[in-house]
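K.L.:
One structure is given below, represented as structure tokens, and several questions about it will come after.
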Amino acid sequence: MGGTVSANHDRANLLEVRGLTKVFGTLTACDHVDLNIAKGEIHALLGENGAGKSTLVKMLFGSLEPNSGEIFWDGKLVKITSPGVAKKLGIGMVFQHFSLFEALTAAENIALSLNDGSPISTIAAKARALSFSYGLPLDPDSLVGDLSVGERQRIEIIRCLLQTPQLIILDEPTSVLTPQEADKLFETLERLRSEGKSILYISHRLEEVKRICDRATVLRHGKVVGHCNPREETAASLARMMVGSEVKAVVRAPAEGIETAPALLEIRGLNRKPATPFAIPLKNINLTVRAGEVIGIAGVAGNGQGEFFESVSGEVLQQDAGSVRIRGKDAGGLSITGRRLMGAAFVPEERLGHGAAPRMKLSENLLLSRHATDGKAFVGSGGTVKNGAVYSAAQRIIKAMDVRKSAPDPEAAALSGGNLQKFIVGRELDRRPSVMIVNQPTWGVDAGAAAHIRQALIELARSGSAVLVISQDLDELFELSDAIAVMHNGELSTPLPIAEATFEKVGLLMGGAEPGHAEHSLEVA
Amino acid sequence: MDITVNILLTIATAATPLLIAAIGELVVERSGVLNLGVEGMMIMGAVGGFGAGYLTGSPWIGLLAAIIVGALFSLLFAVMTLSLATNQVATGLSLTLLGLGLSGMIGTSFVGQPGVRLPNLDIPGISSIPIVGKLIFGQDPVFYISIALTAAVMWFLFRTRTGLTLRSIGDSHTSAHALGIKVIRYRYLAVIFGGASAGLAGGHLSLVYTPQWVENMSAGRGWIALALVVFASWRPWRVLAGAYIFGAVWIGQLHAQAFGIPVPSQFLSSLPYLATIVVLVLISRNKRLTMMNTPASLGQPFVPDR
């Protein structure tokens with residue numbers, strides 16, 4: 047602590063937080079948090095998932111009420127009792143989970159957060175002008191439901207800027223952007239800083255923080271564990287502050303002889319019509335995953351990854367049975383159970399409600415997904431469940447994946463996100479599946495657990511399985527994939543071997559550049 | 011010619027209570043609240059309106075009482091579902107059951123009593139013009155209120171900032187809350203508006219349609235109004251169209267039965283329901299438009315975390 051806090055001593059603090067505490071039941075989400083933000087600085091708030099970042103920010107924006115502590119704005123003690131009060135003070139917020147209305151237009155969405163009575167057309171014109179001046183072009187008349195996640199974020203940012211805030215809070219803003227879009231955002235942030243605005247920047251991407259932030263406050267388990275100047279730190283030292291211990295790096299042994307290995311998962315000309323007006327159609331997707339390799343699918347959220355996963359896992363059946371082939375046999379007409387019986391395993395994106403039934407015990411959740419594939423082990427004659435066998439299998443998985451829990455066999459909802467994810471991935475790995483398909487394997491999972499899951503996936507592939515990973519996290523894909531394909535607007539590019547893939551190339555594909563035309567810079571439409 | 015005019019007039023009279031109750035419920039559902047108590051609020055409005063009219067001798071006081079009773083009755087639903095976050099479906103159903111029972115109990119002494127009727131509009135010279143005079147200038151006052159109400163709701167929802175805010179709450183109450191919009195307050199006002207409308211519709215039944223009190227006289231109209239809102243995909247002008255199609259086929263089949271057309275009467279009685287559903291389904295074929303107009307948070311209780 048201290049020492050490294052430099053450069054800003056002379057500047058007045060815009061926001062001062064002293065001893066802010068928020069308790070949920072037995073959990074202290076924020077424990078006497080202190081935070082100072084100076085005028086004209088970009089201040090990073092670092093911490094793992096569950097460290098209390100979102101809780102802190104919600105208290106600053108008035109959507110949560112602190113149990114104790116004080117907030118000073120421009121030196122004056124204030125009580126922020128609602129988002130309306132925060133806005134009046136001059137605090138603007140760009141939410142991580144967007145607070146937009148899908149059935150309304152961009153201009154209507156913006157109008158809703160401005161309290162002046164000017165007509166929508168005036169607001170639309172203002173928004174358009176402002177968006178172009180910041181290089182974040184926006185069509186105010188477009189329907190939010192039709193927009194990509196990156197475009198939605200522009201609306202959020204423009205909406206926030208139109209309120210002319212002094213402090214802008216950005217919660218994980220780049221997790222949904224292509225690297226090029228992120229660059230654009232950083233330019234915007236730097237311009238705002240030069241205009242004297244303060245920015246509270248929440249992220250777990252340490253390279254970004256090092257690049258644009260002037261100071262950082264690190265939270266761990268609800269407590270402030272340090273302040274630093276991120277430019278003087280390394281990504282590793284920042285990670286150590288966040289986690290509290292060294293994070294083991296993922297090791298990926300080179301894959302050998304993959305060209306001749308049998309294709310375990312083949313997708314041939316997969317098409318799918320949109321199920322809802324806002325869904326993405328899948329267009330002629332082709333992909334082969336061979337024994338021993340990990341293929342990553344990158345893409346900005348909402349470009350058809352969810353639809354693709356549903357089609358491949360059998361949540362949605364295909365008309366053409368040959369469009370999905372598992373271990374050389376047509377599987378397009380089979381249900382999830384049918385595909386599991388062919389040796390495939392699936393981990394969906396949504397943990398609670400999709401990957402696990404929240405109010406059921408871990409052992410029951412294990413039985414739910416494996417009653418067919420492990421029928422002999424788990425189900426006795428006459429259809430009675432062998433509770434003992436299921437229980438011991440659940441304990442085996444818990445041990446193998448280092449799942450931390452409060453009871454021997456707790457309900458799924460009682461686990462933290464990261465630990466539940468470890469269990470769900472472990473549940474499938476335990477079967478030694480020959481084809482493993484995972485959607486967002488480490489979304490919202492802390493660094494230690496994420497490394498564990500990634501390592502397990504690589505090892506599964508190297509033992510002769512085909513692994514397909516869909517992720518929005520480019521760092522993750524570069525860490526574990528042998529080749530990366532990019533999904534954009536329902537189309538999948540040919541996989542780039544990892545030796546040829548760079549952030550820039552993949553980023554351009556994520557932004558919609560045609561394969562082979564990647565050298566053209568991304569035109570801002 | 012006179013027969014045609016009379017039939018058209020009866021169609022308007024049959025459609026008016028449906029339209030008013032449905033427009034009220036449309037506003038409620040646009041705010042994201044599903045109130046299945048329309049039938050109950052309507053019958054309470056009917057008994058309250060009849061009682062006040064009968065006791066004071068003034069049909070206008072009766073109409074006002076119907077509105078107030080409907081609004082107060084809906085307040086019960088609002089407190090339960092909005093402040094106490096109870097299940098909206100169960101609470102709405104209970105409201106209907108309570109309304110039907112309570113109105114029967116209140117109304118025992120009114121059964122068989124002569125009621126008062128709101129007079130039709132009568133502008134000397136103009137209302138006696140053939141056809142047009144009667145149809146446009148000679149109907150009951152509630153008919154004009156219903157048309158004005160539909161136009162006003164359309165304007166409010168799609169032309170005003172407050173209407174936009176209301177629709178946004180129906181789309182996503184969590185997003186609205188994050189923006190600092192007072193979700194619960196808006197929903198209270200919407201539910202009370204819906205209750206007042208249902209009460210007015212009930213008042214029309216007992217002060218215009220059949221100016222007397224009969225137990226269960228709403229006869230399922232509240233349910234039809236609810237269905238109209240959904241089949242009209244939450245759009246006011248479609249609700250108007252639906253209410254009038256229903257009214258037209260309803261009156262038409264009554265006349266057909268009177269003429270003794272050799273079709274089973276059960277089939278004829280079911281025609282209004284069938285025709286309305288078919289027509290409204292046909293006009294809401296556009297899935298995208300329907301999706302845009304469907305309040306996405308409909309029926310979900312909202313509990314802000316503090």
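Sequence order for the protein chains is A and B. All residue numbers for the first sequence refer to the numbering used here, where the first residue is 47 and numbers rise by one. All residue numbers for the second sequence refer to the numbering used here, where the first residue is 11 and numbers rise by one. Beta carbons: idealized from backbone N, C-alpha and C, even for Gly.
If you count every other CB in all the chains shown that lies within 10 Å of the CB of B/A258, and 16 or more means buried, which is it?
P.N.:
Counting Cβ neighbours within 10 Å, B/A258 comes out buried, since at least 16 surround it.
K.L.:
For the stretch 153-165 of chain A, which residues have a CB atom closer than 7 Å to at least one CB atom of chain B, in sequence order?
P.N.:
The residues in question are E154, A157, L158, S159 and G163.
K.L.:
Please list the partners that B/R171 has in chain A, where partner means a Cβ-to-Cβ separation under 8 Å.
P.N.:
Ordered by position in chain A, the residues that pass the 8 Å Cβ test against B/R171 are A157 and G163.
K.L.:
Do the stretch 249-262 of chain A and the stretch 209-224 of chain A touch if we need at least three Cβ pairs shorter than 8 Å?
P.N.:
The answer is yes - the stretch 209-224 of chain A touches the stretch 249-262 of chain A, with three or more Cβ pairs under 8 Å.
K.L.:
What's the gap between the Cα of A/V271 and the Cα of A/V264?
P.N.:
The straight-line gap from Cα to Cα measures roughly 6 Å.
K.L.:
Let me make sure I understand the geometry here. Which of A/N317, A/L91 and A/N113 has the alpha-carbon closest to that of A/G71?
P.N.:
Checked all of A/N317, A/L91 and A/N113; the closest Cα to A/G71 is A/N113.
K.L.:
Any C-beta of chain A sitting closer than 8 Å to the C-beta of B/G190?
P.N.:
Chain A, which has a Cβ nearer than 8 Å to the Cβ of B/G190, makes this yes.
K.L.:
In chain order, what residues of the same chain have a beta carbon less than 6 Å from the beta carbon of B/G58, not counting five sequence neighbours either side?
P.N.:
Correct list, in chain order: A75, A76 and V79.
K.L.:
At 9 Å on the CB atoms, spell out the chain B contacts of A/E202, in chain order.
P.N.:
Per Cβ cutoff of 9 Å: no residues; A/E202 is ~11 Å from chain B at best.
K.L.:
In chain order, what residues of the same chain lie with their CB nearer than 8 Å to the CB of A/P129, ignoring the 5 residues before and after it?
P.N.:
F107, G108, S109 and M139, listed in sequence order.
K.L.:
Apart from the five residues on each side of it in sequence, which residues of its chain come closer than 7 Å, Cβ to Cβ, to B/A235?
P.N.:
So the list reads L28, A31, A32, E35 and V48, once near-sequence residues are dropped.
K.L.:
Give the DSSP bridge partners of A/P454, in chain order.
P.N.:
In DSSP, A/P454 forms no bridge with anything.
K.L.:
Would you verify that the beta carbon of B/S185 is, or is not, closer than 8 Å to some beta carbon of chain A?
P.N.:
Interface residue, yes.
K.L.:
Would you please state the rounded distance, in angstroms, between the beta carbons of A/R257 and A/F232? I believe it to be under 8 Å.
P.N.:
Confirmed, about 7 Å.
K.L.:
For A/A97 and A/G290, I'd like the C-alpha separation in whole angstroms.
P.N.:
Going from the Cα of A/A97 to the Cα of A/G290 covers about 12 Å.
K.L.:
Could you say which of A/M533, A/P541 and A/W489 lies nearest to A/E522 if we only look at CA atoms?
P.N.:
Among A/M533, A/P541 and A/W489, the Cα nearest to that of A/E522 is on A/W489.
K.L.:
Can you have a look at B/P274 and say buried or exposed, based on whether 16 or more other CB atoms are within 10 angstroms of its CB?
P.N.:
Classification for B/P274: exposed.
K.L.:
Using 10 angstroms around the beta-carbon of B/G63, count the other beta-carbons present and answer buried if the total reaches 16, otherwise exposed.
P.N.:
By the 10 Å Cβ count, B/G63 comes out buried.
K.L.:
Per the contact definition of three or more C-beta pairs closer than 8 Å, is the stretch 203-214 of chain B in contact with the stretch 177-189 of chain A?
P.N.:
The answer is no - the stretch 203-214 of chain B does not touch the stretch 177-189 of chain A, with fewer than three Cβ pairs under 8 Å.
K.L.:
Would you mind telling me which residues of chain A sit closer than 7 Å to B/D181, beta carbon to beta carbon, in chain order?
P.N.:
Those within 7 Å of B/D181 in chain A are F147, E148, A149 and L150.
K.L.:
Whole angstroms are fine: how far does the CA of A/L514 sit from the CA of A/T504?
P.N.:
Reading off the sequence shown, one finds Ile at residue 504 of chain A, where the question assumed Thr. Looking at the two C-alpha atoms, the distance is approximately 11 Å.
K.L.:
State yes or no: is the C-beta of B/G309 within less than 8 Å of the C-beta of B/L44?
P.N.:
Result yes, Cβ atoms of B/G309 and B/L44 sit closer than 8 Å.
K.L.:
Taking the straight line between their C-alpha atoms, what separation do you get for A/R477 and A/L380?
P.N.:
Answer to the nearest angstrom: the Cα atoms are 20 Å apart.
K.L.:
State buried or exposed for A/T220, treating a residue as buried only when at least 16 other CB atoms are found within 10 Å of its CB.
P.N.:
Buried, because 16 or more other Cβ atoms sit within 10 Å of the Cβ of A/T220.
K.L.:
Contact check, B/P249 vs B/V239 under 8 Å by CB: the rounded distance?
P.N.:
Contrary to the premise, residue 249 of chain B reads as Val rather than Pro in this sequence. 6 Å between Cβ atoms; contact.
K.L.:
On the three-state DSSP scale, how would you describe A/V431?
P.N.:
Of the three classes helix, strand and coil, the one that applies to A/V431 here is strand, per DSSP.
K.L.:
Quick one: using the 10 Å Cβ neighbour count with 16 as the cut-off for buried, is A/H273 buried or exposed?
P.N.:
Burial call: buried.
K.L.:
Can you list the residues of chain D that A/S167 reaches, using a CB-CB cut of under 7 Å?
P.N.:
The chain inventory of the structure shown lacks chain D, comprising the protein chains A and B.
K.L.:
Between the stretch 117-137 of chain A and chain B, which residues of the former have CB atoms less than 7 Å from a CB of the latter, in chain order?
P.N.:
Those residues of the stretch 117-137 of chain A that come within reach of chain B (Cβ to Cβ, closer than 7 Å) are S128, P129, G130 and K133.
K.L.:
Going by DSSP, what residues sit across from A/L123 in a beta bridge?
P.N.:
In the DSSP output, where bridge partners are listed per residue, A/L123 has A/F118.
K.L.:
From what residue to what residue does the beta strand (DSSP E) around A/D77 run?
P.N.:
Here the beta strand (DSSP E) through A/D77 covers L73 to A84.
K.L.:
If I measure Cβ to Cβ from A/L92 and keep anything under 6 Å in the same chain, skipping five residues before and after, which residues do I get?
P.N.:
Answer for A/L92: A262, V264 and M288, listed in chain order.
K.L.:
On the premise that A/V481 lies in contact with A/I372, defined as a C-beta separation below 8 Å, what is that separation, rounded to the nearest angstrom?
P.N.:
Contact holds; Cβ gap of about 6 Å.
K.L.:
Quick test of the definition: if touching needs 3 or more C-beta pairs under 8 Å, does the stretch 530-546 of chain A touch the stretch 349-367 of chain A?
P.N.:
Segments in contact, yes.
K.L.:
Does the beta-carbon distance from A/A403 to A/L466 come in below 8 Å?
P.N.:
Not a contact, by the Cβ cut-off of 8 Å.
K.L.:
Note down, in chain order, all residues in the stretch 291-303 of chain B with a beta-carbon under 7 Å from any beta-carbon belonging to chain A.
P.N.:
Listed by position along the chain: K297, R298, M301 and M302.
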